[in-house]
Amino acid sequence: MPELRKTKIEEWRTLFDKEVYERIKNFDVDIVMLAGYMLILSKFLCNKFTFINLHPALPWGPKGTWQEVINQIINEKHKEHGVMIHLVTEDLDRGPDLTYCKFTIKEYDFDKIRQEGVQYELPLIKKTLQLLSEEKLKIVGREIFYNG
Numbered sequence: 004m005p006e007l008r009k010t011k012i013e014e015w016r017t018l019f020d021k022e023v024y025e026r027i028k029n030f031d032v033d034i035v036m037l038a039g040y041m042l043i044l045s046k047f048l049c050n051k052f053t054f055i056n057l058h059p060a061l062p063w064g065p066k067g068t069w070q071e072v073i074n075q076i077i078n079e080k081h082k083e084h085g086v087m088i089h090l091v092t093e094d095l096d097r098g099p100d101l102t103y104c105k106f107t108i109k110e111y112d113f114d115k116i117r118q119e120g121v122q123y124e125l126p127l128i129k130k131t132l133q134l135l136s137e138e139k140l141k142i143v144g145r146e147i148f149y150n151g
């Protein structure tokens, strides 16, 4: 399978995700939280569960890995940065956002920007899961509803 990943990424992704599905399909879950997963979900897996993802950018910010995001933030001299939790869809890092927080960039230093973002990640995960469990935030199909 490693060779297939190098030559036919979409085919590999679907095969990999089918294996993931086989391993998790018997769990009774409402939502699957992705934090640090670092793989793009195939259409197959994306449609099997409701996935939410921690992404190291604002909803309108860069797509990609945290390294790619921070490099783009620095190269484009963004004034603000943040982290978000969004609904996973086939549109990479562009599913509807559930929650996000932002901060002003004080210095264009890779490690400092990363550290600043990381400090918000766990509190944002906790708050988002709390809002979902209290039904103040609902996911219905591919839509997000806020109540309160």
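If you count the sequence shown from 1, you need to add 3 to reach this note's numbering. Note that beta-carbon positions come from the ideal geometry of N, C-alpha and C, so glycine has one too. Since this is a predicted model, take the numbers as computed values, not measurements.
Give the straight-line distance between the Cα atoms of residue i and residue j, rounded to the nearest whole angstrom.
i: Phe19; j: Ile77; result: 34 Å
i: Arg145; j: Asp100; result: 11 Å
i: Lys82; j: Phe52; result: 36 Å
i: His84; j: Leu57; result: 14 Å
i: Asn74; j: Val143; result: 34 Å
i: Asp96; j: Asn29; result: 27 Å
i: Glu71; j: Asp33; result: 31 Å
To the nearest whole angstrom, what separates the beta carbons of residue i and residue j, a pair I think is in contact under 8 Å?
i: Phe47; j: Val35; result: The pair is not a contact, with the Cβ atoms about 14 Å apart (cut-off 8 Å).
i: Glu93; j: Cys49; result: 6 Å
i: Thr102; j: Ile88; result: 5 Å
i: Asp104; j: Val91; result: What sits at residue 104 in the sequence shown is Cys, not Asp. Actually they are not in contact, since the Cβ atoms of Cys104 and Val91 sit about 19 Å apart, beyond 8 Å.
Go ahead and pull the three-state DSSP assignment for residue i.
i: Gly85; result: strand
i: Tyr149; result: strand
i: Asn74; result: helix
i: Leu37; result: strand
i: Lys141; result: strand
Tell me whether residue i is buried or exposed, calling it buried when 16 or more other Cβ atoms sit within 10 Å of its Cβ.
i: Pro65; result: buried
i: Phe39; result: Correcting the residue identity first, residue 39 is Gly in this sequence and not Phe. Counting Cβ neighbours within 10 Å, Gly39 comes out exposed, since fewer than 16 surround it.
i: Arg26; result: exposed
Continuous beta strand (DSSP E) assignments of at least 3 residues falling wholly in the stretch 42-69: 54-58
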